[in-house]
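Visitor:
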Ligand code: ADP
Ligand code: MG
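In this note's numbering, the protein residues as written are -14 to 344.
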């Protein structure tokens, strides 16, 4: 009797509980390749199936946006709005910014202005000259001085934009690689939050994150990579509801080549628009901000700013910053010091960063 009826009934009840009970609070998690990185999304608080469906639709939205913002034509994905625009801009034409790109263009122009061109999407020609536009492989040597000088942007991005019109110049290639991940993750986050205000979620694009709501078990946490010791964390940061954390590092996309005097030189993908060369002075720089677009643009601008980063932080409205300088020394702001747990070094000592005041 027991075996025949009760056991199957218990089993069925157990199964139902697994499907609709325990599952309810279980986060759904999925990964996809987008924006040149692994994007990992976690959603909870809506019930198992809805958590999952929200991720599926967020990923579809991300893919659409990613295609719109890709700077170069890619056959497989069909039309990119930005790639089409770049075709005309590089010949000096004046064109209308397609409506889906207008909001991002306006924001990017503001950040180019606030950072006095340290963040400048008009550096796309230089990025391509250095070979960092390609996801396949990087060159073996830097370009020539003459080619670098010729590829320096003739005008800053904000000077090209006039309302919804944008004017190009010879060789211009707009590249939003320093900002698009933040802009897109913020757009995806805003849509999920508007449609499901009770959802909690984490959008993680290769270590750059947006967190919304809370997990019941533990805080949303980010491990900041050590720029030189690859399997070590530099720090842990607990993210608050609605906060984004973005890091720019010289270890993301790079090649090493020997100089004329036989030394090995590290060339990476964050270009100083003033010189046309990879920016020197910083190994990595992390920014916390309530807007992921600001966090992304600012992480790049402050990286390029070198030792003068506090001035740029202030102009961009950023208060929480952690920086590893070229000599390995750590710096942070008060707002960041209150939030970070630094990883002890091998001898057990916790490093003490230099506190930098914001002007
Ligand atoms: P990641 O893409 O690794 O997160 P960043 O946000 O710092 O790093 O963006 C770097 C990318 O931005 C480069 O690959 C390039 O496409 C573009 N870029 C490089 N230098 C600049 C700059 N000074 N201003 C604007 N964009 C830049
Ligand atoms: Mg950036």
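C-beta atoms are modelled at their ideal positions from N, C-alpha and C, and glycine is treated no differently.
Here the structure is a predicted model, which is why all the values come from computation and not from measurement.
Quick one: using the 10 Å Cβ neighbour count with 16 as the cut-off for buried, is residue 131 buried or exposed?
Guide: exposed
Visitor: Should the region 97 to 116 be regarded as contacting the region 222 to 231, the criterion being three or more beta carbon pairs within less than 8 Å?
Guide: The region 222 to 231 and the region 97 to 116 do not touch, with fewer than three beta-carbon pairs separated by less than 8 Å.
Visitor: Nearest CA to the CA of residue 30: which residue from 20, 82, 202 and 105?
Guide: 202
Visitor: Any heavy atom of the ligand ADP closer than 8 Å to the beta-carbon of residue 140?
Guide: no
Visitor: Got a sec? Which residues, its chain only, sit under 7 Å from residue 47 by beta carbon, not counting five neighbours each side?
Guide: 19, 24, 169 and 173
Visitor: Mind checking who residue 229 pairs with in its DSSP beta bridge?
Guide: 195 and 274
Visitor: Determine the contact status of residue 193 and residue 230, defining contact as a CB-CB distance below 9 Å.
Guide: yes
Visitor: What first and last residue would you give for the alpha helix (DSSP H) that runs through residue 126?
Guide: Residue 126 -> no alpha helix (DSSP H), and no H or E assigned at all.
Visitor: Leaving out five residues on either side along the sequence, give the residues of the same chain with a beta carbon under 6 Å from the beta carbon of residue -14.
Guide: Because the pLDDT of residue -14 is 48, which lies under 50, any placement of that residue in the model is unreliable, and the number read from its coordinates should be weighed accordingly. If we look at residue -14 and ignore the five residues flanking it on each side, it has no Cβ neighbours.
Visitor: In three-state terms, what does DSSP make of residue 299?
Guide: helix
Visitor: At the level of alpha carbons, what is the spacing between residue 195 and residue 246?
Guide: Roughly 44 Å between the two C-alpha positions.
Visitor: How far does the beta strand (DSSP E) with residue 15 in it extend, from its first residue to its last?
Guide: 13 to 19
Visitor: Just mark residue 329 as buried or exposed, buried being the case when its beta carbon has 16 or more other beta carbons within 10 Å.
Guide: exposed
Visitor: Indicate the three-state DSSP secondary structure (helix, strand or coil) for residue 223 in the structure shown.
Guide: strand
Visitor: Around the Cβ of residue 342, are there at least 16 other Cβ atoms within 10 angstroms (buried) or fewer (exposed)?
Guide: exposed
Visitor: To the nearest angstrom, how far is the alpha carbon of residue 256 from that of residue 279?
Guide: 18 Å
Visitor: Please report the straight-line C-alpha distance between residue 71 and residue 176, rounded to a whole angstrom.
Guide: 28 Å
Visitor: Assuming residue 86 and residue 53 form a contact by the criterion Cβ under 8 Å, report the distance between their Cβ atoms to the nearest whole angstrom.
Guide: 7 Å
Visitor: One question on the structure: do residue 254 and residue 305 come within less than 9 Å of each other, judged by their Cβ atoms?
Guide: no
Visitor: Consult DSSP for residue 267 and reduce its assignment to one of helix, strand or coil.
Guide: strand
Visitor: Give a yes or no on whether the C-beta atoms belonging to residue 181 and residue 41 are separated by under 9 Å.
Guide: no
Visitor: The ligand ADP and residue 166: does any heavy atom of the ligand fall closer than 8 Å to the residue's C-beta?
Guide: yes
Visitor: Starting from residue 79, follow the beta strand (DSSP E) in both directions and report where the run begins and ends.
Guide: 79 to 81
Visitor: State the start and end residues of the unbroken beta strand (DSSP E) segment that holds residue 43.
Guide: Careful: residue 43 lies outside any beta strand (DSSP E), inside the alpha helix (DSSP H) at 33 to 54.
Visitor: Whole-angstrom Cβ separation of residue 269 and residue 309, contact assumed at under 8 Å?
Guide: 5 Å
Visitor: Residue 171 and residue 185 - do their beta-carbons sit closer together than 9 Å?
Guide: no
Visitor: I'd like the list of long-range same chain contacts for residue 14, defined as Cβ closer than 6 Å, with 5 residues on each side in sequence excluded.
Guide: 27
Visitor: Please classify residue 49: is it buried, with 16 or more other beta-carbons within 10 angstroms of its beta-carbon, or exposed?
Guide: exposed
Visitor: If you draw a straight line from the alpha carbon of residue 84 to that of residue 286, how long is it in whole angstroms?
Guide: 26 Å
Visitor: Check the DSSP bridge columns for residue 249 and list the partner residues they point to.
Guide: In the DSSP output, where bridge partners are listed per residue, residue 249 has 243.
Visitor: Am I right that residue 96 and residue 301 are in contact with their C-beta atoms under 8 Å? What's the rounded C-beta distance?
Guide: 7 Å
Visitor: Ordered along the chain, which non-local residues of its own chain (more than five positions away) have a Cβ less than 8 Å from that of residue 291?
Guide: Hits under 8 Å: 264, 265, 266 and 267.
Visitor: Can you tell me whether residue 310 is helix, strand or coil according to DSSP?
Guide: strand
Visitor: Looking only at C-alpha atoms, which of 332, 338 and 323 sits nearest to residue 316?
Guide: Out of 332, 338 and 323, 338 has the C-alpha closest to the C-alpha of residue 316.
Visitor: Mind checking residue 105: buried by the 16 CB within 10 Å criterion, or exposed?
Guide: buried
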